[in-house]
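Engineer: According to the numbering used here, the residues represented by the sequence shown are 168 to 446, in order.
No residue lacks a Cβ here, since even glycine has one placed at the ideal position from N, Cα and C.
Predicted, not measured: the structure shown is a model, and the values here were computed from it.
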Amino acid sequence: MSARATMPNSGFDNPGMLQRLYRQEPVLVAFAAVMTAMMLPTFVAFLYETRTFNGINVWIKPLKFMSSVAIFLFTMALFFPYLDAKDRARKSVRVMVWAISIIFLLEISYITYRASLAEASHFNRTTIRDEIYYALMGAGILTATVMSGWFGWLMLRGKDKIMNTDLRFAIALGLIAGCVLGSATGAYMSNETGHWVGGVQSDAGGSFFFGWSRTGGDLRVAHFIGLHAMQGIPLIGWLATRYTPANARRVTVAATVLWTAATLAVFVQAMMGRPLFPV
Numbered sequence: 168m169s170a171r172a173t174m175p176n177s178g179f180d181n182p183g184m185l186q187r188l189y190r191q192e193p194v195l196v197a198f199a200a201v202m203t204a205m206m207l208p209t210f211v212a213f214l215y216e217t218r219t220f221n222g223i224n225v226w227i228k229p230l231k232f233m234s235s236v237a238i239f240l241f242t243m244a245l246f247f248p249y250l251d252a253k254d255r256a257r258k259s260v261r262v263m264v265w266a267i268s269i270i271f272l273l274e275i276s277y278i279t280y281r282a283s284l285a286e287a288s289h290f291n292r293t294t295i296r297d298e299i300y301y302a303l304m305g306a307g308i309l310t311a312t313v314m315s316g317w318f319g320w321l322m323l324r325g326k327d328k329i330m331n332t333d334l335r336f337a338i339a340l341g342l343i344a345g346c347v348l349g350s351a352t353g354a355y356m357s358n359e360t361g362h363w364v365g366g367v368q369s370d371a372g373g374s375f376f377f378g379w380s381r382t383g384g385d386l387r388v389a390h391f392i393g394l395h396a397m398q399g400i401p402l403i404g405w406l407a408t409r410y411t412p413a414n415a416r417r418v419t420v421a422a423t424v425l426w427t428a429a430t431l432a433v434f435v436q437a438m439m440g441r442p443l444f445p446v
């Protein structure tokens, strides 16, 4: 028997993926489902809401964060089978899975609560209480992001013989890159007074769906691109294993370099006060 076939398909390569993912990692899948379910009443509230904050409907921000967290948790569940069996069974890994899920649930609950009051959840330093909550939010999201990078490191060191070691390599690089780029851009942005750099200090008239500033720089762009290396690089790696398997790892490394360069480029652009999509 081939060494690459000593373990069943995992994650991307499985038929009946959702059922199998839930059996393999029920916590992450369950919390992803909760986040997805929370979007329905929030969307209904958005349809009937007349209040705005920073120029946009107060429920837009919770909706974006709920969708982002649902994608993140589902992504982690999808990648989880690529950890070595001994790592999946480690108590520290199980604790991390619960910690990531609970941290995000608390973060989303707080963002939604603040939105219901038409108040800021981020960059809110109005009172000492707000300072504490904002610091706790930052510590929580940094912890969850670093944990995902740690999972990537464990995969990079993985020794179990699985059907697609090249895909595991791509997932590992994606998680590590997303951790580093997302954490660095997020940490810088959180220490500023807002995500705008020049331009109109309002989310009104921002780019479609994302709401990025079209009149000045917006630090959220680099944070978004950097963080989503966790999905983008593994996707490129998966495509490479399908269409150019002999060069899959080289393609993954090149994609990681280019993704990092793109993140730095839009960060510099934002710092210069230039919008990604100008008016």
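#1: Output the distance between the C-alpha atoms of Phe-391 and Leu-323, rounded to the nearest integer angstrom.
#2: Just verifying my parser: in three-state terms, what is the DSSP assignment at Thr-294?
#3: Tell me, please, which residues DSSP counts as bridged to Asp-385.
#4: In whole angstroms, what is the alpha-carbon distance linking Ala-287 and Gln-368?
#5: So, Tyr-249 versus Ile-338, is the Cβ gap smaller than 8 Å?
#6: Is it true that the stretch 402-415 meets the stretch 351-360, where meeting means three or more beta-carbon pairs spaced less than 8 Å apart?
#7: Within 10 angstroms of its Cβ, does Met-439 collect 16 or more other Cβ (buried), or is it exposed?
#8: Is DSSP giving Val-435 helix, strand or coil here?
#9: Helix, strand or coil: how does DSSP classify Ile-223 here?
#10: Below 8 Å on the Cβ atoms is my guess for Ile-275 versus Asp-370; work out the distance and round it to an integer in Å.
#11: Quick one: residues in its chain with C-beta nearer than 7 Å to the C-beta of Leu-230, no 5 flanking neighbours on either side, listed in chain order?
#12: Below 7 Å CB to CB, which residues in the same chain sit around Ala-252 once its five sequence neighbours on both sides are set aside?
#13: Classify Pro-442 as buried or exposed, calling it buried when 16 or more other Cβ atoms lie within 10 Å of its own Cβ.
#14: If you draw a straight line from the alpha carbon of Gly-384 to that of Arg-190, how long is it in whole angstroms?
#15: So what does DSSP say about Gln-186, is it helix, strand or coil?
#16: Of the residues Leu-273, Val-194 and Met-330, which one's Cα is nearest the Cα of Thr-242?
#17: Can the beta-carbon of Thr-382 be found closer than 8 Å to that of Gly-361?
#18: On a CA-only basis, which of Val-420, Val-433, Ile-343 and Ile-400 is nearest Val-364? Give me that one, please.
#19: If you drop the 5 nearest sequence neighbours on each side, which residues of the same chain put their C-beta closer than 7 Å to that of Gly-373?
#20: Counting only the same chain and skipping the five closest in sequence on each side, list residues whose C-beta sits under 6 Å from that of Ala-407.
#21: Is it the case that the stretch 328-337 contacts the stretch 288-304, given that we only count it when at least three CB pairs across the two stretches are under 8 Å?
#22: Does the separation of the CB atoms of Gly-393 and Thr-430 fall below 8 Å?
#23: Is it true that the CB of Leu-240 sits closer than 8 Å to the CB of Ala-204?
Structural biologist: In short:
#1: Here the question's residue 391 lines up with position 224 in the sequence shown. Here the question's residue 323 lines up with position 156 in the sequence shown. Rounded to the nearest angstrom, the two C-alpha atoms are 24 Å apart.
#2: Along the sequence shown, read from residue 1 onward, the residue named residue 294 stands at position 127. Three-state result, Thr-294: coil.
#3: Position 218 of the sequence shown, counted from the first residue, corresponds to residue 385. Residue pairing from DSSP places Asp-385 in a beta bridge opposite Trp-363.
#4: Translated into the one-based positions of the sequence shown, residue 287 becomes position 120. Translated into the one-based positions of the sequence shown, residue 368 becomes position 201. Approximately 14 Å between the Cα atoms of the pair.
#5: Working through the sequence shown from its first residue, we reach residue 249 at position 82. Working through the sequence shown from its first residue, we reach residue 338 at position 171. Against a cut-off of 8 Å, the Cβ pair of Ile-338 and Tyr-249 comes out as a contact.
#6: no
#7: Along the sequence shown, one-based indexing puts residue 439 at 272. Classification for Met-439: exposed.
#8: Residue 435 sits at position 268 when you count from the first residue of the sequence shown. In this structure, Val-435 counts as helix in the three-state DSSP scheme.
#9: Here the question's residue 223 lines up with position 56 in the sequence shown. Strand, per DSSP.
#10: Mapped onto the sequence shown, residue 275 falls at position 108. Mapped onto the sequence shown, residue 370 falls at position 203. About 19 Å; that fails the 8 Å criterion.
#11: By one-based count along the sequence shown, residue 230 stands at place 63. Counting only Cβ-Cβ distances below 7 Å, and skipping sequence neighbours, we find Met-206, Thr-209, Phe-210 and Phe-213.
#12: Residue mapping note: residue 252 aligns to position 85 of the sequence shown, counting from 1. Counting only Cβ-Cβ distances below 7 Å, and skipping sequence neighbours, we find Asp-327.
#13: Taking the first residue of the sequence shown as 1, we reach residue 442 at position 275. Classification of Pro-442: buried, given that the 10 Å Cβ count is 16 or more.
#14: Working through the sequence shown from its first residue, we reach residue 384 at position 217. Working through the sequence shown from its first residue, we reach residue 190 at position 23. Between the alpha carbons of Gly-384 and Arg-190 lies a gap of roughly 44 Å.
#15: Along the sequence shown, read from residue 1 onward, the residue named residue 186 stands at position 19. Reduced to three states, the DSSP call for Gln-186 is helix.
#16: Walking along the sequence shown from the start, residue 242 turns up at place 75. Among Leu-273, Val-194 and Met-330, the Cα nearest to that of Thr-242 belongs to Val-194.
#17: Numbered from its first residue, the sequence shown carries residue 382 at position 215. Numbered from its first residue, the sequence shown carries residue 361 at position 194. Against a cut-off of 8 Å, the Cβ pair of Gly-361 and Thr-382 comes out as no contact.
#18: The residue you call residue 364 lines up with position 197 of the sequence shown. The option with the nearest alpha carbon to Val-364 is Val-433.
#19: Along the sequence shown, one-based indexing puts residue 373 at 206. Same-chain partners within the cutoff: Trp-379, Ser-380 and Arg-381.
#20: Start at 1 with the first residue of the sequence shown, and residue 407 comes out as number 240. Once the five neighbours on either side are set aside, the close Cβ partners of Ala-407 are Ala-415 and Val-418.
#21: no
#22: Within the sequence shown, residue 393 is the residue found at index 226, counting from 1. Within the sequence shown, residue 430 is the residue found at index 263, counting from 1. The answer is yes: Cβ separation under 8 Å.
#23: The residue given as residue 204 occupies position 37 in the sequence shown. The residue given as residue 240 occupies position 73 in the sequence shown. For Ala-204 and Leu-240, no; Cβs fall outside 8 Å.
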